[in-house]
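To start, the structure itself, in structure tokens.
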Amino acid sequence: MNIKHGKVIRINGPAVYADETGAMNMGDQVLIGELELTGEIIRQDGDISTIQVYEDTTGVKPGEEVVGTNEPLSVELGPGLLSSIYDGIQRPLDKIHEISGSFIGRGISVPKISKEKIWHFIPVAKKGDVVSGNDILGTVQETELLNHKILVPPKVSGTITEMIDEGDYTVEEIIAKVSNDKGEQELKMYHKWAVRIPRPVVQRLEPNIPLFTGQRVIDFFFTIARGGTAAIPGGFGTGKTVTQHQLAKYSDANLIVYIGCGERGNEMTQVLQEFPELKDPKTGLPLMDRTVLIANTSNMPVTAREASIYTGITIAEYYRDMGLHIAIMADSTSRWAEALREISGRLEEMPAEEGYPAYLASRLAEFYERAGRAEVGGKIEKREGSVSVIGAVSPQGGDFSEPVTQHTKRFVRAFWALDKSLAGARHFPSINWNNSYSEYVSDVAEWWKKEGGDFNYQEMRERAMTILQEENRLEQVVKLVGPDALPDRQRLILTTAKLIKEAFLQQNAFHDNDVYCTPEKQLRMMDVILHFHDEAGKIIAKGVPCVQLLSLDIIPRIIRMKTDVPCDKAADISKLKDEIDYVLGDLVK
Ligand SMILES: Nc1ncnc2c1ncn2[C@@H]1O[C@H](COP(=O)(O)OP(=O)(O)O)[C@@H](O)[C@H]1O
Ligand SMILES: [Mg+2]
Numbered sequence: 255m256n257i258k259h260g261k262v263i264r265i266n267g268p269a270v271y272a273d274e275t276g277a278m279n280m281g282d283q284v285l286i287g288e289l290e291l292t293g294e295i296i297r298q299d300g301d302i303s304t305i306q307v308y309e310d311t312t313g314v315k316p317g318e319e320v321v322g323t324n325e326p327l328s329v330e331l332g333p334g335l336l337s338s339i340y341d342g343i344q345r346p347l348d349k350i351h352e353i354s355g356s357f358i359g360r361g362i363s364v365p366k367i368s369k370e371k372i373w374h375f376i377p378v379a380k381k382g383d384v385v386s387g388n389d390i391l392g393t394v395q396e397t398e399l400l401n402h403k404i405l406v407p408p409k410v411s412g413t414i415t416e417m418i419d420e421g422d423y424t425v426e427e428i429i430a431k432v433s434n435d436k437g438e439q440e441l442k443m444y445h446k447w448a449v450r451i452p453r454p455v456v457q458r459l460e461p462n463i464p465l466f467t468g469q470r471v472i473d474f475f476f477t478i479a480r481g482g483t484a485a486i487p488g489g490f491g492t493g494k495t496v497t498q499h500q501l502a503k504y505s506d507a508n509l510i511v512y513i514g515c516g517e518r519g520n521e522m523t524q525v526l527q528e529f530p531e532l533k534d535p536k537t538g539l540p541l542m543d544r545t546v547l548i549a550n551t552s553n554m555p556v557t558a559r560e561a562s563i564y565t566g567i568t569i570a571e572y573y574r575d576m577g578l579h580i581a582i583m584a585d586s587t588s589r590w591a592e593a594l595r596e597i598s599g600r601l602e603e604m605p606a607e608e609g610y611p612a613y614l615a616s617r618l619a620e621f622y623e624r625a626g627r628a629e630v631g632g633k634i635e636k637r638e639g640s641v642s643v644i645g646a647v648s649p650q651g652g653d654f655s656e657p658v659t660q661h662t663k664r665f666v667r668a669f670w671a672l673d674k675s676l677a678g679a680r681h682f683p684s685i686n687w688n689n690s691y692s693e694y695v696s697d698v699a700e701w702w703k704k705e706g707g708d709f710n711y712q713e714m715r716e717r718a719m720t721i722l723q724e725e726n727r728l729e730q731v732v733k734l735v736g737p738d739a740l741p742d743r744q745r746l747i748l749t750t751a752k753l754i755k756e757a758f759l760q761q762n763a764f765h766d767n768d769v770y771c772t773p774e775k776q777l778r779m780m781d782v783i784l785h786f787h788d789e790a791g792k793i794i795a796k797g798v799p800c801v802q803l804l805s806l807d808i809i810p811r812i813i814r815m816k817t818d819v820p821c822d823k824a825a826d827i828s829k830l831k832d833e834i835d836y837v838l839g840d841l842v843k
């Protein structure tokens, strides 16, 4: 490696200016001063470079040396990522902690993934195989929950000239040699990848399979597809974090990358304490066995927060390339955007809306565009993988007209608008059905058709949405004249809408039978509600007053079906339909 040197000339917070750096490249990582603080060249003007530094620059002096590493800001990808807790530039927080105590020291160099840990490697490829990037060299059981495929790094191709035998090795061991007309390359169990460059795929696939979450308001009404994008905007205390934790625990992703951009220090501490204790609901194994956690507490430099979403999504893409489905959560992208704003201010750039830099929108787009469902793999084998991105947005005072929410809205296809008044009324998840949307609903219709058996998901969803929208309209009338002025047919709309809200949309994250809901249970529940609506409509047409329906004790039973009936007895829910017939029949008599 050809190391280059420059000199610090000016320091402004995380922005450092250096001279004699003309031989370095835009995007190169550099080490600054005696402490060897990590930075990245973000602008070059002749010999002068602007460097964004990922650590506190207090004490750095003009004249100190700047060493170019000749490589861009990168992550190390290989076994050992899972269960790790990293900062924004992939430094393991626990290791830093051991070295420097509770305050994160500066210039600490720790391996991103362990170079000492022994893995049992089982070869898949063999000598003589012609491989290209993303072909599988072998496998390692990384955690009980995840079999890690060791991939040929993208851009490498050729014939395998040497292949190691099955055995126990560290990631530093050379496991294979690949040669082509340009020469021979030695491959290890890990490789580096520049975080700001998306990893290549064979081809993008239509996102037409839901990322099933077990959360009814999401799956049934505002679904996110595998490889899709969703935003959860909401003011303080509306349930962004709980929703993301629910998805981390229950969505059918193989692997979770959770990026915590701490709203407040203690919130991040909660994540760091809680996550390692969570259990995977399906296997009972620690959830961390399929999780990579990236944490940025508010006392960490803002620049590392800026880098964190790229570090996170690059790790997600790497596991996608193994043929896995990854869900990446960022909580909250508003804090990330604030980091961008702060750095931009230090760089003395021209501010745009609310002080954010003009490139806020393009940066958000770059992040969300890395989501997708794709065919991946090399010459030998193709696989399917996906990266779904779910970003929380925390606008000041819950005002969705601010720039981060507005720009995010342009780049995501599902929008789960959290609502302060719903949260205040303890309606959780507080996703407002009137201003939330999903553009994946028709894409996943085929999936529901297969899953749904006799149920017509699309028709059921449309009917329920219509009832909710009609209720929204009627509520305006009720506010003016009271419910008594409405004809009975319209009062029934209000009653059914109440059932949809209380029986279906509300879901208790802290009740064993309700925390997760299977597709079958969701369909049967909605079927019961719509059956009630149809049958009640018939008896109202026969002259039975709507008020009589309200006092029926079948109503609270419908509301309780979610907690009364566990998922594995979902068929029992449909028995309520016979009871509805019976009770309503009685009313007519
Ligand atoms: N799905 C849910 N079920 C039950 N309670 C919830 C749910 N979502 C949120 N809450 C309640 O709301 C509180 C605040 O939620 P939180 O996710 O921390 O808000 P935010 O991250 O938006 O500030 C939680 O502590 C919890 O009491
Ligand atoms: Mg939160």
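Using our numbering, read the sequence shown as starting at 255 and increasing by one per residue.
Glycine residues also receive a C-beta, built at the ideal position from the N, C-alpha and C atoms.
Just to check, is the beta-carbon of residue i closer than 7 Å to a non-hydrogen atom of ligand 2?
{"i": "Thr523", "result": "no"}
{"i": "Thr749", "result": "no"}
{"i": "Asp673", "result": "no"}
{"i": "Lys494", "result": "yes"}
{"i": "Asp835", "result": "no"}
{"i": "Asp585", "result": "yes"}
Give the DSSP-derived three-state secondary structure of residue i in the structure shown.
{"i": "Ser642", "result": "strand"}
{"i": "Phe682", "result": "coil"}
{"i": "Gly839", "result": "helix"}
{"i": "Gly412", "result": "strand"}
{"i": "Met255", "result": "Summary for Met255: the model assigns pLDDT 49, below 50, so the residue's position carries little reliability, and this model does not support an answer."}
{"i": "Ser828", "result": "helix"}
{"i": "His765", "result": "coil"}
{"i": "Ala718", "result": "helix"}
{"i": "Asp653", "result": "coil"}
{"i": "Thr545", "result": "strand"}
{"i": "Asp348", "result": "helix"}
{"i": "Lys848", "result": "In the structure as shown, the chain begins at 255 and stops at 843. Residue 848 is therefore absent and cannot be evaluated."}
{"i": "Lys261", "result": "strand"}
{"i": "Arg297", "result": "strand"}
{"i": "Gly421", "result": "strand"}
{"i": "Ser692", "result": "strand"}
{"i": "Asn726", "result": "helix"}
{"i": "Phe466", "result": "coil"}
{"i": "Val698", "result": "coil"}
Find the nearest neighbour of residue i within the set the options, judged by alpha-carbon distance.
{"i": "Ala502", "options": "Lys843, Arg624, Ile582", "result": "Ile582"}
{"i": "Ala625", "options": "Ile569, Ile827, Ala593", "result": "Ile569"}
{"i": "Ser303", "options": "Ile265, Ser338, Ile747", "result": "Ile265"}
{"i": "Ile418", "options": "Gly276, Pro326, Glu440", "result": "Glu440"}
{"i": "Asn388", "options": "Val394, Asn401, Leu405", "result": "Leu405"}
{"i": "Tyr308", "options": "Asp341, Asn710, Ile414", "result": "Asp341"}
{"i": "Thr492", "options": "Lys792, Asp708, Asp575, His681", "result": "His681"}
{"i": "Thr311", "options": "Leu327, Asp299, Glu290, Arg297", "result": "Glu290"}
{"i": "Asp301", "options": "Gly276, Gly260, Glu560", "result": "Gly276"}
{"i": "Ile286", "options": "Asp348, Glu833, Leu347, Ile362", "result": "Ile362"}
{"i": "Asn324", "options": "Ala584, Ile812, Gly281, Val314", "result": "Gly281"}
Could you tell me if the beta carbon of residue i falls within a distance shorter than 7 Å of some heavy atom in ligand 1?
{"i": "Ala763", "result": "yes"}
{"i": "Pro535", "result": "no"}
{"i": "Val556", "result": "no"}
{"i": "Ala570", "result": "no"}
{"i": "Val666", "result": "no"}
{"i": "Asn649", "result": "Before going on, a small fix: residue 649 reads as Pro here, not Asn. For ligand 1, not one heavy atom lies less than 7 Å from the Cβ of Pro649."}
{"i": "Pro683", "result": "yes"}
{"i": "Ala677", "result": "yes"}
{"i": "Gly652", "result": "no"}
{"i": "Phe529", "result": "no"}
{"i": "Phe476", "result": "no"}
{"i": "Gly846", "result": "In the structure displayed, the chain extends from 255 to 843; residue 846 sits before or after that span and is not available."}
{"i": "Phe786", "result": "no"}
Quiz item: Which parts of the stretch 789 to 822 are runs of the alpha helix (DSSP H), unbroken and 4 residues or longer, counting only runs that do not cross its ends?
Solution: 801 to 804, 808 to 818
Practice problem: Count the CB pairs spanning the stretch 675 to 686 and the stretch 484 to 497 that are closer than 8 Å, and state whether there are at least three. | Solution: yes
Practice problem: Counting only runs of 3+ residues fully inside the stretch 568 to 646, write out the beta strand (DSSP E) ranges in chain order. | Solution: 579 to 585, 626 to 631
Quiz item: Can at least three beta-carbon pairs, one atom from the stretch 647 to 660 and one from the stretch 429 to 441, be found at a separation below 8 Å?
Solution: no
Quiz prompt | Uninterrupted beta strand (DSSP E) stretches inside the stretch 362 to 405 (no shorter than 3 residues) | solution = 373 to 377, 390 to 397, 400 to 405
Practice problem: Determine, using beta-carbon pairs with one atom in the stretch 587 to 600 and one in the stretch 555 to 567, whether at least three such pairs fall under 8 Å. | Solution: yes
Quiz item: Looking at C-beta atoms only, is the number of pairs between the stretch 422 to 431 and the stretch 371 to 380 that lie closer than 8 Å three or more?
Solution: yes
Exercise. Could you name each continuous beta strand (DSSP E) segment of 3 residues or more that falls completely within the stretch 427 to 459, going from the start of the chain to the end?
Key: 430 to 434, 437 to 441, 445 to 448, 457 to 459
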